[in-house]
């Protein structure tokens with residue numbers, strides 16, 4: 266089985282949950298987009314992509330966000346064009362059996378927002394917009410998605426109190442899930458490239474009870490600076 270694991274970093278946090286042409290200005294922009302394709306049968310990484318996304322000069326990354334993911338406004342000036350990023354990504358998701366992410370709903374929403382920005386941009390030709398509408402339909406209707414956060418709420422069972430003082434199991438952070446599964450605390454997270462490697466390790470343990478570090482020398486090498 267081939268799985269695609271992806272993650273994003275952004276200029277900040279959304280100011281709304283609504284995604285529509287009228288609310289796009291309330292959503293952040295993508296600044297980093299990373300994904301890998303892993304073959305669970307051969308235990309091999311078939312592809313890994315890590316893009317810093319080019320931003321226009323009027324888009325500013327907040328200092329708070331830069332402190333989290335380390336990406337500066339200067340770094341994005343020489344980044345990849347988002348059109349090229351999406352062209353590769355949507356070509357690749359058509360070839361895999363499952364799409365995986367941690368809190369994947371947020372990452373999918375960010376893709377939807379960026380696609381809608383292009384669709385509503387008068388500088389794009391109609392035939393180009395048609396392609397992006399197809400991308401939007403593909404990501405919105407995809408049923409091959411697995412969220413390592415949603416699927417492990419009971420497994421992690423991290424109890425917190427709601428506003429009324431009633432306990433409930435919260436969504437586990439990626440670092441918390443990794444600690445639960447491997448009794449190790451990964452370093453240098455909130456870099457989407459590092460996050461997809463950690464997500465892959467968690468996913469393989471959850472689904473197949475396999476530690477990718479034990480079966481893939483390549484993955485083990487990539488984890489060198491994460492543990």
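In our numbering, the protein residues as written are 266 to 492.
Virtual Cβ for every residue (Gly too), placed ideally from N, Cα, C.
Computed from a predicted model, the values in this text were never measured in an experiment.
Residues of the same chain with a CB within less than 8 Å of the CB of residue 326, apart from the 5 flanking positions on each side, are 276, 277, 296, 320, 336, 337, 338 and 341 in chain order.
In the DSSP assignment, residue 353 falls within the alpha helix (DSSP H) that extends over 347 to 358. In the DSSP secondary-structure assignment, residue 424 is bridged to 434. The straight-line gap separating the alpha-carbon atoms of residue 394 and residue 448 is approximately 47 Å. If you draw a straight line from the Cα of residue 366 to the Cα of residue 359, it comes to about 16 Å. Counting along the chain, residue 381 sits inside the alpha helix (DSSP H) bounded by residues 369 to 384. A Cβ-Cβ separation of about 6 Å places residue 439 in contact with residue 463 under the 8 Å criterion. In the DSSP assignment, residue 277 is bridged to no other residue.
For the 7 Å CB-CB criterion, residue 475 and residue 484 do not form a contact. Residue pairing by DSSP puts residue 267 in a beta bridge opposite 304. Distance from the CA of residue 455 to the CA of residue 461, rounded to the nearest whole angstrom, comes to 10 Å. Distance from the Cα of residue 400 is smallest, within the candidate group 434, 273, 316 and 384, for 384. Within the same chain, 451, 452, 453, 459, 462 and 463 come within 7 Å of residue 491 by CB-CB distance, once the 5 residues on both sides are set aside.
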